[in-house]
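Asker: The working numbering puts the first residue of the sequence shown at 1491, with every later residue one more than the last. All C-beta atoms in this analysis are idealised placements derived from N, C-alpha and C, irrespective of residue type, glycine included. All figures in this text were calculated on a predicted structure; none of them were measured in a lab.
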Amino acid sequence: MENNALDIIAGLLADRKKLLLHRFDEDFVQKVLNQQMQLCACESESAYVEHLLKDEKFIESLIQKLLNSHSEFFRNLLIFAMVESVILPIIYNRTDSKHELRIWSAGCARGQEAYSLAMLVDQYLKLQPNKKVTRIFATDIQENNIAKALLGKYPITQLKNLRVSFLDQYFRRSGDYWQISGHLRKIINFSQFDLLNENLQAPPNSLFGEFDLIMCSNVLIYYKADLRQYIIKKLLKSLVKGGYFICSEAEIGITSGTRGLRQINAYHPIFVKTN
Ligand SMILES: C[S@@+](CC[C@H](N)C(=O)[O-])C[C@H]1O[C@@H](n2cnc3c(N)ncnc32)[C@H](O)[C@@H]1O
């Protein structure tokens, strides 16, 4: 796309929605813009700019694509199996002075990732009572994602990786949707939080960081290289020594090589904080 059209679009997003286009990965932005132009049958960049200027719905649609909210319960089964069988037993059995265990799902979309973690924690604590009190924080840049996460209603298509026993225990049917049980909703503290906000280190309602596990999956890939590193460093500061950081498989290359993080093996996007 020509610089002129791109500048106008960037200006529109910044003025009307406070979204900074230059922060996103250039190839990703180009792909999204091409798709959006096709959708509104615009043959030229100037025609697309006209659409954006005329009708707010085209700006909304562009933002939805840039801040892609796609997620699923237990999206990567292997990663969640590692959380269940390796990470939870390690972090719960640590003999340190901390009296609560803290987990953060950063970029939680509509809550699917945070609820998946909460189900595993709940199962673990049922089998191992008397373990540390656990607090799960879940944040996303989009207010409306947080509102949807709090409501906890999902179409069956997002539950395809869910164990039947979890569906029975943690959901109830509500028309065409499945709603998370009140019990699980109470375990998680959801809030709006921009990982690129330079004034905030961790979600304010978490008071202090000190997380034992942070999952930030399918968020880094959308940003430019320097901002990916900025987010990783910010999250690392909020992680305790020996705490776990999980990204997506597509983000292994972005995360590996970060000073202070060691990948636990060559296959999984799971890292441990070393100092
Ligand atoms: C593709 S979804 C990934 C959801 C989930 N982590 C997963 O892997 O299934 C990306 C989410 O990151 C959020 N996001 C993007 N930029 C963000 C930022 N700067 N701060 C916080 N959340 C952000 C988006 O709103 C979106 O909900």
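(1) Hey, would you say R1600 sits closer than 8 Å to K1638, going by beta carbons?
(2) Within the stretch 1515-1552, note down every full alpha helix (DSSP H) run reaching 4 residues or more, in order along the chain.
(3) With 16 other CB atoms within 10 Å as the buried threshold, where does Y1734 fall?
(4) Rounded to whole angstroms, what is the Cα-Cα separation between R1653 and E1540?
(5) Which value, in whole angstroms, describes the spacing of the CA atoms of L1607 and Q1753?
(6) Which residue or residues does DSSP assign as beta-bridge partners of M1705?
(7) Output the distance between the C-alpha atoms of Q1520 and D1586, rounded to the nearest integer angstrom.
(8) Taking the CB atoms as reference points, tell me whether S1681 and I1636 lie closer together than 8 Å.
(9) Give the C-beta separation of L1686 and Y1660 to the nearest angstrom, bearing in mind that I take them to be a contact with Cβ-Cβ under 8 Å.
(10) Can we say the stretch 1658-1674 touches the stretch 1621-1634, given the rule of at least three CB pairs closer than 8 Å?
(11) Pairing CB atoms from the stretch 1525-1537 with CB atoms from the stretch 1736-1747, are three or more of them under 8 Å?
(12) In three-state DSSP terms, what is P1579?
(13) In chain order, what residues of the same chain lie with their CB nearer than 6 Å to the CB of M1609, ignoring the 5 residues before and after it?
(14) Does the separation of the CB atoms of F1683 and I1593 fall below 8 Å?
(15) For a test of the three-state rule: what should DSSP assign to P1694, helix, strand or coil?
(16) Compare the C-alpha of F1563 against each of G1732, C1598, E1492 and name the closest.
(17) If you draw a straight line from the C-alpha of L1617 to the C-alpha of I1711, how long is it?
(18) Here's a check: name, in chain order, each residue in its chain whose Cβ is nearer than 6 Å to the Cβ of Y1582, leaving out the five neighbours to either side.
(19) How long is the line joining the alpha carbons of Y1713 and H1512, rounded to whole angstroms?
(20) Between which two residues does the alpha helix (DSSP H) holding S1655 run?
(21) Please report the distance separating the alpha-carbon of R1565 from that of D1517.
(22) Which class does D1716 belong to by DSSP, given the choice of helix, strand or coil?
(23) At a cut-off of 7 Å, is F1683 close to ligand 1 when judged by its beta-carbon and the heavy atoms of the ligand?
(24) Heavy atom of ligand 1 less than 7 Å from the Cβ of L1708, yes or no?
(25) Reducing DSSP to helix, strand and coil, say where S1559 ends up.
(26) Considering only heavy atoms of ligand 1, does any lie closer than 7 Å to the CB of G1597?
(27) Kindly give me the distance between the Cβ atoms of Y1614 and L1674, rounded to whole angstroms, as I take these residues to be in contact under 8 Å.
Answerer: Short version:
(1) Yes, these two residues count as a Cβ contact at 8 Å.
(2) Here the runs fully enclosed are 1516-1529, 1535-1544.
(3) Y1734 should be labelled buried.
(4) Taking the straight line from one Cα to the other gives about 48 Å.
(5) If you take the alpha carbons of L1607 and Q1753, they lie about 20 Å apart.
(6) In the DSSP assignment, the residues bridged to M1705 are S1595, I1736.
(7) In this structure, the straight-line span from the alpha carbon of Q1520 to that of D1586 is close to 48 Å.
(8) It is a contact, given that the beta carbons lie within the stated cut-off.
(9) About 32 Å; that fails the 8 Å criterion.
(10) Segments in contact, no.
(11) Cβ pair count under 8 Å is below three, so no.
(12) In the three-state scheme derived from DSSP, where H, G and I count as helix and E and B as strand, P1579 is classed as helix.
(13) Counting only Cβ-Cβ distances below 6 Å, and skipping sequence neighbours, we find F1656, Y1660.
(14) Going by C-beta atoms, F1683 is not nearer than 8 Å to I1593.
(15) Here P1694 carries a helix assignment [DSSP, helix/strand/coil].
(16) Among G1732, C1598, E1492, the Cα nearest to that of F1563 is on C1598.
(17) Straight-line Cα distance between these residues: approximately 37 Å.
(18) For Y1582, where only same-chain residues beyond five positions count, the Cβ hits under 6 Å are K1621.
(19) Roughly 9 Å between the two C-alpha positions.
(20) 1654-1660 is the extent of the alpha helix (DSSP H) around S1655.
(21) Approximately 25 Å, taken between the alpha carbons.
(22) For D1716, the three-state secondary structure derived from DSSP is helix.
(23) Yes; taking the cut-off as 7 Å, the Cβ of F1683 has a heavy atom of ligand 1 nearer than that.
(24) First, the amino acid is wrong: residue 1708 is Asn here, not Leu. It does: the Cβ of N1708 is within 7 Å (strictly closer) of some heavy atom of ligand 1.
(25) Looking at S1559 - three-state DSSP - the assignment turns out to be coil, as it is neither helix nor strand.
(26) Taking non-hydrogen atoms of ligand 1 into account, the C-beta of G1597 is found less than 7 Å away from one of them.
(27) Incorrect: roughly 14 Å between the Cβ atoms, too far for contact.
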